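**Q**
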Amino acid sequence: MIAVLPLPLIACGKREMPPTAEQLHAEQQRSTYGPTSDWRLSDATWSRSTQKMRDRAYLFCWQKRRGDPQCPPSQDFALILANHAESNARAAVRGERPGMPFFDAIRQRPDAYIAARQHCMIVYQDGGAADARSLGPCLTNAVGGDYFGIVPVP
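Just so we're aligned, residue 138 is where the sequence shown starts under this note's numbering, counting upward by one.
Here's what the structure looks like:
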C-alpha cells in the first residue's frame with residue numbers, strides 16, 4: 138500500500154510585490170497634504186520620525202486597506218494633528234496662550250499630558266507601529282481637541 142501525503146496547494150497566480158520607497162514617496166507627493174517637508178512638525182523627539190511613520194502608514198494602507206482611497210489621507214491627517222497636539226502641549230507648558238482652559242490645564246499638570254502621550258504611543262506601537270490613524274485622535278484628545286469635529290466650538 139502506498140501512503141498518499143497531502144501536499145500544500147501552491148498558488149499559480151503572480152504575487153504582487155509591495156511598493157518601493159520611491160513609489161510610496163511619489164504617492165505622498167501627490168497626496169492632498171503633500172510632502173512632510175511642507176508640514177509644520179513638532180520638535181518632539183517622536184516627531185523626527187514622522188516621515189518614517191508616514192512610510193509605514195502608507196505601506197499599511199497598501200497591505201491592509203488596498204483600494205480604500207481614504208486610507209492614505211486619513212494617515213496623513215492623523216500624523217499632522219498628532220504633531221499639532223504635541224506643539225500645543227509644548228506651547229501650553231511654555232506659558233503661551235494663557236487663559237485657554239485646556240492650555241491652562243496642561244500647564245498645571247504637564248505630567249498628565251506626558252502620561253497620555255505615552256499611552257497613545259504604546260497603543261500605536263502595540264498595533265505594529267504601522268497604522269498611524271489612532272495617533273491623531275488620541276493626542277488631539279489629550280490636549281482637549283475635537284479630532285472628528287463633532288463638538289461645535291462657539
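Ideal Cβ placement from N, Cα and C applies to all residues, glycine included.
Bear in mind the structure is a predicted one, so any value in this text is a computation, not a measurement.
Please report the Cβ distance between residue 165 and residue 195, rounded to the nearest whole angstrom; I am assuming they are in contact, meaning their Cβ atoms lie under 8 Å.
**A** At roughly 7 Å, the Cβ-Cβ gap stays under 8 Å, so residue 165 and residue 195 are in contact.
**Q** Would a C-beta distance cut-off of 7 Å place residue 187 and residue 216 closer than the cut-off?
**A** Closer than 7 Å, so yes.
**Q** For the alpha helix (DSSP H) containing residue 252, name the first residue and the last one.
**A** Run containing residue 252: 247 to 263, per the alpha helix (DSSP H) assignment.
**Q** Give me the Cα-Cα distance between residue 229 and residue 270, rounded to the nearest whole angstrom.
**A** Each residue's Cα considered, the two are about 24 Å apart.
**Q** Taking the Cβ atom as the reference point for each residue, do residue 214 and residue 268 lie within a distance shorter than 7 Å?
**A** No, these two residues do not count as a Cβ contact at 7 Å.
**Q** Can you give me the C-alpha to C-alpha distance between residue 190 and residue 241, rounded to a whole angstrom?
**A** Each residue's Cα considered, the two are about 30 Å apart.
**Q** Does the distance from the C-beta atom of residue 288 to that of residue 226 stay below 7 Å?
**A** Contact: no.
**Q** In the DSSP assignment, find the unbroken alpha helix (DSSP H) run with residue 285 in it and report its ends.
**A** No alpha helix (DSSP H) holds residue 285; DSSP gives it neither H nor E.
**Q** Just the C-alpha distance for residue 219 and residue 180, rounded to the nearest angstrom, thanks.
**A** Each residue's Cα considered, the two are about 12 Å apart.
**Q** My understanding is that residue 192 touches residue 158, with C-beta atoms under 8 Å, so please give their C-beta distance in whole angstroms.
**A** Indeed they touch by this definition, with Cβ atoms about 7 Å apart.
**Q** Count the other C-beta atoms from every protein chain shown that fall within 10 angstroms of the C-beta of residue 182, then say buried if there are 16 or more, exposed otherwise.
**A** Burial call: exposed.
**Q** Secondary structure at residue 172, three-state DSSP: helix, strand or coil?
**A** Reduced to three states, the DSSP call for residue 172 is coil.
**Q** Restricting to Cα atoms, I'd like to know which of 173, 257, 203 is closest to residue 155.
**A** With distances taken between Cα atoms, residue 155 lies closest to 203.
**Q** Nearest-angstrom Cα distance between residue 244 and residue 231?
**A** Taking the straight line from one Cα to the other gives about 8 Å.
**Q** Am I right that residue 222 and residue 276 are in contact with their C-beta atoms under 8 Å? What's the rounded C-beta distance?
**A** Yes, they are in contact, since the Cβ atoms of residue 222 and residue 276 sit about 4 Å apart, within 8 Å.
**Q** Are the Cβ atoms of residue 274 and residue 261 separated by less than 7 Å?
**A** Going by C-beta atoms, residue 274 is not nearer than 7 Å to residue 261.
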